[in-house]
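So that you can map any letter, position 1 of the sequence shown is 1 in the UniProt record's numbering, and since no number is skipped, the others follow by simple counting.
Glycine included, C-beta positions come from ideal geometry on N, C-alpha and C.
Please read these numbers as outputs of a predicted model, since none were measured by experiment.
Here's the structure we're looking at; comments come further down.
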Amino acid sequence: MEQVISCQGDVCVLTLSGRFDSPAAPLFDAWFAEQDRPENNRYLLDLAEVSYITSAGLRSLLKLLKLLEGRGGKLVLCCVAAPVQDLFKIAGFSGFLTISETKEAALDALVG
Numbered sequence: 001m002e003q004v005i006s007c008q009g010d011v012c013v014l015t016l017s018g019r020f021d022s023p024a025a026p027l028f029d030a031w032f033a034e035q036d037r038p039e040n041n042r043y044l045l046d047l048a049e050v051s052y053i054t055s056a057g058l059r060s061l062l063k064l065l066k067l068l069e070g071r072g073g074k075l076v077l078c079c080v081a082a083p084v085q086d087l088f089k090i091a092g093f094s095g096f097l098t099i100s101e102t103k104e105a106a107l108d109a110l111v112g
């Protein structure tokens, strides 16, 4: 899996591509730990190019969400492919994740 971070104002945009599975999840966790700053409290996670996610990827998302909530931050996902959305629903993640259809809507949810 590839990951890229960019900032748009005070929102950090994480763009992921590939499979978010057991080999990729620990690499994402380590990469994010290096990129994250305590002052960054708003993250947009663009999953448009993530075709597959396993329980390891779900665990990484949960860790990220808990970290941000612990410091008063917010996480919004966008552009989630249908198979990944289905897994979120099955795993119960759609009940507590904020998911927007577009990147613009996700930015609005974070800024507004």
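query: Residue 29 to residue 15 span [Cα, whole Å]; result: 14 Å
query: Backbone CA spacing between residue 68 and residue 37 [nearest angstrom]; result: 11 Å
query: Start and end residues, alpha helix (DSSP H) containing residue 6; result: Looking at the DSSP string, residue 6 is not in any alpha helix (DSSP H); the run it does join, the beta strand (DSSP E), is 2–8.
query: Distance between residue 40 and residue 84 (C-alpha atoms, nearest Å); result: 26 Å
query: Boundaries of the alpha helix (DSSP H) in which residue 34 is found, first to last residue; result: 24–35
query: Residues that DSSP places opposite residue 49 in a beta bridge; result: 17
query: Between the CA atoms of residue 100 and residue 65 - distance to the nearest angstrom; result: 16 Å
query: Inter-residue CB distance, residue 98 and residue 77 (contact presumed, cutoff 8 Å); result: 7 Å
query: Bounding residues of the alpha helix (DSSP H) (the contiguous stretch that carries residue 80); result: Element bounds for residue 80: n/a, residue is neither H nor E.
query: Enclosing alpha helix (DSSP H) for residue 100 [first to last residue]; result: No alpha helix (DSSP H) holds residue 100; the beta strand (DSSP E) holding it covers 98–100.
query: Residue 18 and residue 50 closer than 8 Å at C-beta; result: yes
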